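Undergrad: Take this structure first; my questions come after.
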Amino acid sequence: REESSTRVCDPLAMVELRRRGGGARDDSTRAVPDVRPVRRQNSGSPRTRRANGAFSNNGSVKLEVDSKGKWRSLRTRALSAAFMIAGLVGCLLGGHVPTIALIFVVQGAMVRELFALAVETRKEKDLPWFRLQQWYFYGCAVFFSYGRYLNARLAARFGEEYADEDASGRRNAVKATFESVLLKLLAHHGLISYLGWTLGCVLFVLSLRKGLYLYQFGQFGWTHMIIAAVIVQSSCLVGNVLEGLIWFVFPVGIVFFNDVAAYLVGMICGRTPLIKLSPKKTWEGFLGGAAVTMTVAPFAAAWLQQFRWLTCPSASALSFTGGPDLGKAALDACEADGVFAPRAVDLSIVASSVDAAFGWTLPSGFVERFTTIAGSFFFFDFGSNEGIVFHMSPFQKHAVVLAAFASVIAPFGGFFASGFKRAFKIKDFSDTIPGHGGITDRMDCQMVMAVFSHLYITNFVRRADGGMSLGALLLHIELLTNDELVKLYKAIGRALVARGLL
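Numbering follows the working numbering, in which position 154 of the sequence shown is assigned residue number 732; successive positions increment by one, without gaps.
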């Protein structure tokens, strides 16, 4: 009896055994094969338990509107969200560097959760250093992806300091040596990153063990898939931060707002299931959340663009001082960006354009009545000589585009994650955040939004002018040979004479 109880662990095998003879001690009991499932490292934890309703395919899942504990769930989610928002605001008040540090911490938590999914404890005991190799590859990827954004800015910072001399005409020798070495390392950032990754591959080959080849190569591929899926996307958040904190705050905030709006609308009136991968998501919540988000977006953008410390980019130097305490000198040095400057929009011209393009003639007096009602809420500016106008900055127009993507496309990042969790038969990636699951559960949509917002900014907001900062120029000068420096010196002298400076 003890032998049968230890050997029969599969529920289906137990049912078959009971059907045959109710668990009697006979030969059929001993014939049942040992089908124990291989335990993962996180087996039995909340992150790997099956969801009783979320993964059923029989259509019996209760919608959020019918859930008895929906208000308790809402309270838990709200408290967790309040703590997350407080932490985010604290980092934003610290400036660019603390915000980048927060991104790094969140990214590391996501990687940790995903690494744990495919780990088999039994085989890990034979490979004591294999997990360390995974984190080594992660470090190489972080060095490459973050260095790609910080390279030019750090070069500019140290290059400008390298060019400046103190009142006595001398510079600190230790500091000068450190900056010179750092500039050379930054110049060869790509090569150093590749050599680091190559060293990891060599160590991986040396660690291969007979009988574990398939598992080790599977973990190798899993590690690099995580790097591609998480680090490459989350590094776009760093690029947004360096363009100005507002380009980080708004995309992140609008995704969060759309998630909340869709949840509330679906909880109140959601009846039509949206997609089988997420049975509790409804069409009412999806469309209602999108409508609310796109309506609120331009007004939220108008409020955010008032804060100069949010719109000021980290142009050349990274500093630990930021937020509202950025300082008057730093704010004065930050040039006002025209993308945040309100511009007049004449509604009569818009109405004429609609008529000319589509042949739709608006009723007489429609524009006047509409602006009269909306003016008290949205601050329309009426001018006797200018027509019916209101002011909107280009950033507010960009905000509508970002809100549309956050409402329609970004949620599919969450659906993708839902399908991924179905494949692993887990409810959440972790139980780190009460009511929300793991860090990865909260960042699935944010990753999609991060890449889009970064590419949108680089394509439609910022256009590279092909110029070179002083620090980057000094970086290249530092790498010249003696003969090249002499030629450069003579060329600069001729240029100064030609401009009348000498």
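Idealized CB from N, CA, C, for every residue including glycine.
These figures come from a predicted structure and were not determined experimentally.
Apply the 10 Å Cβ neighbour rule to L650 and answer buried if 16 or more other Cβ atoms are within range, or exposed otherwise.
TA: The question names Leu, but residue 650 in the sequence shown is Arg. Exposed, because fewer than 16 other Cβ atoms sit within 10 Å of the Cβ of R650.
Undergrad: Taking 7 angstroms as the line, does the beta carbon of F983 fall inside it for any heavy atom of the ligand SAH?
TA: The ligand content of the structure shown is nil, which means the ligand SAH is not present either.
Undergrad: A1073: buried (16+ other C-beta within 10 angstroms of its C-beta) or exposed?
TA: Result: exposed.
Undergrad: On a CA-only basis, which of F918, L1063 and Q974 is nearest T889? Give me that one, please.
TA: Measuring from the Cα of T889, the nearest candidate turns out to be F918.
Undergrad: Whole angstroms are fine: how far does the CA of Q884 sit from the CA of V783?
TA: Distance between the alpha carbons of V783 and Q884: 55 angstroms.
Undergrad: Would you list the residues sitting across from H969 in a DSSP beta bridge?
TA: Partner(s): A922.
Undergrad: To the nearest angstrom, how far is it from the Cα of G799 to the Cα of N818?
TA: Spanning the two alpha carbons is a distance of roughly 29 angstroms.
Undergrad: Our contact map puts T801 next to F715 with C-beta atoms below 8 angstroms; I'd like the distance itself, whole angstroms only.
TA: Yes, T801 and F715 are in contact; Cβ-Cβ is about 5 angstroms, under 8 angstroms.
Undergrad: Between F898 and F990, what straight-line distance do the alpha-carbon atoms span, to the nearest angstrom?
TA: For F898, the predicted model reports a pLDDT of 44, less than 50, meaning its position is unreliable and no value from the coordinates is stated.
Undergrad: Can you give me the Cβ contacts of L781 inside the same chain, cut-off strictly under 7 angstroms, excluding the 5 residues immediately before and after it?
TA: Once the five neighbours on either side are set aside, the close Cβ partners of L781 are Q711.
Undergrad: On the premise that L980 lies in contact with P829, defined as a C-beta separation below 8 angstroms, what is that separation, rounded to the nearest angstrom?
TA: About 6 angstroms separates the two Cβ atoms, so the contact holds.
Undergrad: To the nearest whole angstrom, what separates the beta carbons of A1083 and S985, a pair I think is in contact under 8 angstroms?
TA: Any answer about residue 1083 is impossible in this case: the structure gives the chain only from 579 up to 1080.
Undergrad: For K1065, I'd like the list of residues in its chain whose CB is within less than 8 angstroms of its CB, leaving aside the five on either flank, ordered along the chain.
TA: None.
Undergrad: Are the beta-carbon atoms of P876 and M970 separated by less than 8 angstroms?
TA: Yes.
Undergrad: Expressed to the nearest angstrom, what Euclidean distance is found between the alpha-carbon atoms of F633 and R1000?
TA: Confidence at F633 is low in this model, with a pLDDT of 43, below 50, so its placement is unreliable and no value can be given for it.
Undergrad: Could you tell me the boundaries of the alpha helix (DSSP H) in which S996 lies?
TA: That run of the alpha helix (DSSP H) goes P989 to F1002.
Undergrad: Can you tell me whether D1006 is buried or exposed? The criterion is at least 16 other CB atoms within 10 Å of its CB, across all chains shown.
TA: The residue is buried, with at least 16 neighbouring Cβ atoms inside 10 Å.
Undergrad: Quick check on this structure: which residue in V810, V833, G725 and K788 has the alpha carbon closest to the alpha carbon of G768?
TA: Looking at the Cα atoms, G725 is the closest of the given residues.
Undergrad: If you draw a straight line from the C-alpha of T860 to the C-alpha of S996, how long is it?
TA: Approximately 15 angstroms between the Cα atoms of the pair.
Undergrad: Using three-state DSSP, classify T1059 as helix, strand or coil.
TA: T1059: coil per DSSP, three-state reduction.
Undergrad: Do you know how far the Cα of V827 is from the Cα of L1079?
TA: Answer to the nearest angstrom: the Cα atoms are 45 angstroms apart.
Undergrad: Whose C-alpha, out of A922, I824, T1036 and I1017, is nearest the C-alpha of V967?
TA: Checking every option, the nearest Cα to that of V967 belongs to A922.
Undergrad: Going by CA-CA distance only, name the one from F994, P857 and P1012 that's closest to R653.
TA: Ranking the options by Cα distance to R653, first place goes to P1012.
Undergrad: May I ask which residues mark the beginning and end of the beta strand (DSSP E) holding T860?
TA: From DSSP, the beta strand (DSSP E) with T860 extends over S856 to T860.
Undergrad: Examine the Cβ distances between the region 670-688 and the region 769-777 and report whether three or more of them are shorter than 8 angstroms.
TA: The answer is no - the region 769-777 does not touch the region 670-688, with fewer than three Cβ pairs under 8 angstroms.
Undergrad: Please tell me whether W825 and I1035 are closer than 8 angstroms, where the distance is taken between their beta carbons.
TA: Cβ atoms of W825 and I1035: closer than 8 angstroms.
Undergrad: Over the uninterrupted alpha helix (DSSP H) stretch that includes L842, give me the two end residues.
TA: L823 to C847 is the extent of the alpha helix (DSSP H) around L842.
Undergrad: In the DSSP assignment, the beta strand (DSSP E) including P851 goes from what residue to what residue?
TA: Start and end: P851 to I853.
Undergrad: For P972, which option in T873, L852 and P920 has the closest C-alpha, if you only look at C-alpha atoms?
TA: Of T873, L852 and P920, the residue nearest in Cα terms is P920.
Undergrad: Sorted by chain position, which residues of the same chain lie with C-beta nearer than 7 angstroms to G863's C-beta, five sequence neighbours on each side aside?
TA: Only A840, Y841, V843, G844 and G848 meet the Cβ criterion.
Undergrad: Measuring straight from C-alpha to C-alpha, what distance separates F693 and I804?
TA: Spanning the two alpha carbons is a distance of roughly 8 angstroms.
Undergrad: From I1055, T1018 and L763, pick the residue whose C-alpha is nearest to that of A807; which is it?
TA: Comparing Cα positions, the closest option is T1018.
Undergrad: Would you grab the beta carbon distance between C814 and H1032 for me? Rounded to a whole angstrom, and I think it's under 8 angstroms.
TA: About 4 angstroms; that satisfies the 8 angstroms criterion.
Undergrad: Give the straight-line distance between the Cα atoms of L887 and C669, rounded to the nearest whole angstrom.
TA: Here residue 887 is Trp; the residue named in the question, Leu, does not match the sequence. When rounded, the distance between both Cα atoms is 13 angstroms.
Undergrad: Using the three-state DSSP reduction, which class does G867 fall into: helix, strand or coil?
TA: G867 falls in the helix class under three-state DSSP.
Undergrad: Consult DSSP for G796 and reduce its assignment to one of helix, strand or coil.
TA: Three-state DSSP puts G796 in a helix.
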